[in-house]
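Working notes, structure below.
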Amino acid sequence: MIMKFTKFALKNLFRKPVTRDYPNVKNEFCERTRGSVTINIEDCIYCGSCQRKCPSGAITVDRNARTWTIDRMGCVQCENCINNCPKKCLHMDKHYTTPDFTKTVDTFEGPPAPPKPAMDPEKLAALKAAAAAKKAAAQKEAQKSEE
Amino acid sequence: MGNRTIVPFGPQHPVLPEPIHLDLVLEDEKVIEAIPKIGYIHRGLESLAKKRDFNDYVYVVERTCGICSFMHGMGYVESVERIFDVEIPDRAKYLRTIWAEMSRIHSHLLWLGLLADAFGFEALFYQCWRMREQILDMFEESTGGRVIFSVNKIGGVLKDMPHEMLLKFVNNLNGMEKELRALTDVFLNDYTVQSRLRGVGILTKEQAVTLGAVGPMMRASGIELDTRKLGYAAYGDLSFDIITSKDCDSYARCEVRIGEIFQAFDIIRQAVSKIPEGELITPVKGNPPVGEAFMRVEQPRGEAIYYSRSDGSKFLERMRIRTPTFANLSPLLETLKNAELADVPLLILTIDPCISCTER
Ligand code: SF4
Ligand code: SF4
Numbered sequence: 001m002i003m004k005f006t007k008f009a010l011k012n013l014f015r016k017p018v019t020r021d022y023p024n025v026k027n028e029f030c031e032r033t034r035g036s037v038t039i040n041i042e043d044c045i046y047c048g049s050c051q052r053k054c055p056s057g058a059i060t061v062d063r064n065a066r067t068w069t070i071d072r073m074g075c076v077q078c079e080n081c082i083n084n085c086p087k088k089c090l091h092m093d094k095h096y097t098t099p100d101f102t103k104t105v106d107t108f109e110g111p112p113a114p115p116k117p118a119m120d121p122e123k124l125a126a127l128k129a130a131a132a133a134k135k136a137a138a139q140k141e142a143q144k145s146e147e
Numbered sequence: 001m002g003n004r005t006i007v008p009f010g011p012q013h014p015v016l017p018e019p020i021h022l023d024l025v026l027e028d029e030k031v032i033e034a035i036p037k038i039g040y041i042h043r044g045l046e047s048l049a050k051k052r053d054f055n056d057y058v059y060v061v062e063r064t065c066g067i068c069s070f071m072h073g074m075g076y077v078e079s080v081e082r083i084f085d086v087e088i089p090d091r092a093k094y095l096r097t098i099w100a101e102m103s104r105i106h107s108h109l110l111w112l113g114l115l116a117d118a119f120g121f122e123a124l125f126y127q128c129w130r131m132r133e134q135i136l137d138m139f140e141e142s143t144g145g146r147v148i149f150s151v152n153k154i155g156g157v158l159k160d161m162p163h164e165m166l167l168k169f170v171n172n173l174n175g176m177e178k179e180l181r182a183l184t185d186v187f188l189n190d191y192t193v194q195s196r197l198r199g200v201g202i203l204t205k206e207q208a209v210t211l212g213a214v215g216p217m218m219r220a221s222g223i224e225l226d227t228r229k230l231g232y233a234a235y236g237d238l239s240f241d242i243i244t245s246k247d248c249d250s251y252a253r254c255e256v257r258i259g260e261i262f263q264a265f266d267i268i269r270q271a272v273s274k275i276p277e278g279e280l281i282t283p284v285k286g287n288p289p290v291g292e293a294f295m296r297v298e299q300p301r302g303e304a305i306y307y308s309r310s311d312g313s314k315f316l317e318r319m320r321i322r323t324p325t326f327a328n329l330s331p332l333l334e335t336l337k338n339a340e341l342a343d344v345p346l347l348i349l350t351i352d353p354c355i356s357c358t359e360r
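For the protein sequence lines, the chains are B and S, in the order given. Each residue of the first sequence is one higher than the one before, starting from 1 at the first, in the working numbering. Each residue of the second sequence is one higher than the one before, starting from 1 at the first, in the working numbering.
In structure tokens, the structure reads:
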């Protein structure tokens with residue numbers, strides 16, 4: 001009954017160390033490891049869905065400046081933004097955010113917005129005519145109601 | 001009557017992983033009374049329910065606690081599923097059961113380690129935590145997180161475990177089980193361990209009932225009650241006994257928890273052999289209807305209750321968790337009465353306190 005642990009203690013003397021000899025031997029991440037969120041900014045449409053879905057409010061999307069910002073220390077790696085991105089442009093990187101003395105905020109800047117395609121002159125004339133007709137009709141209506 | 005002194009215990013104390021404060025009224029070395037004070041790590045997670053979409057709130061609930069995080073998520077999700085009145089796919093139920101039981105193993109191993117630490121058996125502590133690491137590795141492989149899993153979603157689960165992965169896990173667990181038998185043998189039969197646990201912290205069956213003990217604390221006092229028997233998730237399809245002990249002391253609590261570890265191995269094996277193929281999630285559309293629901297979950301520490309009330313908007317009107325540690329606090333105060341000062345750390349540990357849960 002006494003000293004049940006002795007067996008363990010003796011075994012331990014000859015066992016390989018349980019811990020890894022870091023940094024000589026690096027940890028291998030699993031396929032599903034949730035490390036840090038990265039963005040493929042070219043595909044982002046700045047819809048802001050990720051910002052709304054983030055439970056810790058770590059993401060800020062600026063549609064006008066075309067930037068996507070993440071507060072690395074605020075992110076809790078829940079993958080909710082990734083699951084809700086309509087363009088599937090977010091994904092999880094396996095590497096953790098490196099420790100830091102200051103709160104890391106990463107900003108990704110997207111390419112400038114593609115210029116809006118110029119409108120067909122004929123279509124434009126048609127649109128203008130339609131608008132003028134509408135205005136005239138409204139005026140007539142107003143006159144009628146005044147009478 | 002000897003001299004009475006009041007010794008403050010905690011919130012910072014080597015034996016406490018989390019902050020709780022007790023004022024111990026001592027007469028010489030005997031504790032006459034213990035006056036608890038909680039509230040050091042209140043984070044207001046419950047009130048966040050009013051500010052986060054009910055879907056995103058899962059990720060908040062999970063962070064109630066770092067040890068039973070999976071079951072917190074599961075309890076909340078199942079309570080909202082009851083409001084929606086959706087039936088989740090069978091595969092999701094089984095996956096939830098497997099993850100929940102893995103959480104139980106890891107939680108109890110953590111507790112065994114802390115217990116060993118509390119009575120000063122450092123080497124045993126390291127052995128327990130070494131084993132626990134294997135479970136954490138399995139969690140990382142299957143969910144991507146070691147502590148917080150983020151796999152629950154209203155209507156099902158987000159990630160699948162392929163068949164090979166399940167078999168590999170069962171293999172790992174079988175390997176672990178052998179080693180664990182030898183390790184738990186130390187807890188159950190070693191002279192030094194017994195001298196610290198036997199007869200310490202008696203909580204009789206009547207006291208357990210009147211004070212409302214839950215979980216292994218209650219079962220160690222001989223009460224046969226386990227919320228898993230209600231058959232939530234896939235527990236209804238699996239066969240298992242309720243593990244109890246009649247000794248009512250710290251040793252009995254240790255015994256019950258060790259029994260539950262091996263039972264969890266068995267439940268996982270059963271679940272893996274029975275798990276059906278199929279969908280992972282039943283899509284749930286729109287906001288929850290007006291209504292309320294209760295969900296009771298057997299956590300490693302005991303029964304937790306989740307209450308959700310919806311007013312039809314995307315924010316829940318109220319979300320409440322009754323955690324097992326909170327229920328176990330008054331039994332703890334009972335066991336502390338007339339205890340030796342040197343046994344106090346050990347007694348606090350035998351309820352397996354999780355203060356983060358308690359204060360949310
Ligand atoms: S959800 Fe996706 S597309 Fe929308 S702003 Fe975020 S990253 Fe861009
Ligand atoms: S992973 Fe979660 S916490 Fe992190 S940015 Fe995405 S939604 Fe926010």
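Heads up, the beta-carbon is just placed ideally off N, CA and C, and yes, glycines get one too.
For Q299 of chain S, the enclosing beta strand (DSSP E) covers residues G291 to Q299.
Secondary structure at K246 of chain S: coil, using DSSP grouped into helix, strand and coil. Annotation: H95 of chain B is outside any alpha helix (DSSP H) and is labelled neither H nor E by DSSP. Residue range E122 to T143 is occupied by the alpha helix (DSSP H) that includes Y126 of chain S, with no beta strand (DSSP E) assigned at that position.
P345 of chain S has its alpha-carbon roughly 9 Å from the corresponding atom of P14 of chain S.
Counting the other Cβ atoms within 10 Å of the Cβ of V76 of chain B gives 16 or more, which makes it buried. C75 of chain B has its CB nearer than 6 Å to a heavy atom of ligand 2. Within the model, the alpha-carbon separation for M74 of chain S versus I70 of chain B is close to 28 Å. Ligand 2 has no heavy atom closer than 6 Å to the beta-carbon of I39 of chain B. DSSP links W68 of chain B through a beta bridge to B:V61 and B:F108.
Nearest CB-CB separation between E298 of chain S and chain B: not below the 7 Å threshold. Straight across, the Cα-Cα distance linking L124 of chain S with I348 of chain S is about 19 Å. The beta strand (DSSP E) runs of length 3 or more contained entirely in the segment 35-74 of chain S do not exist; there are none. Nearest C-alpha to R130 of chain S among S:V77, S:P283 and S:L109: S:L109. At a Cβ-Cβ threshold of 7 Å, Y59 of chain S and Y306 of chain S do not count as neighbours. Interface residue (Cβ-Cβ distance to chain S less than 7 Å): T33 of chain B is classified as such. Rounded to the nearest whole angstrom, the C-alpha separation of Y46 of chain B and C81 of chain B is 13 Å. Not one beta carbon of chain S lies nearer than 7 Å to the beta carbon of C47 of chain B.
With 16 or more other Cβ atoms from the protein chains shown falling within 10 Å of its own Cβ, I268 of chain S counts as buried. Distance from R301 of chain S to T325 of chain S at the Cβ level is roughly 6 Å; contact confirmed, criterion being Cβ atoms closer than 8 Å.
Across the segment 119-136 of chain S, CB contacts with chain B closer than 9 Å involve F121, A123, L124, Y126, Q127, R130 and E133, in sequence order along the chain.
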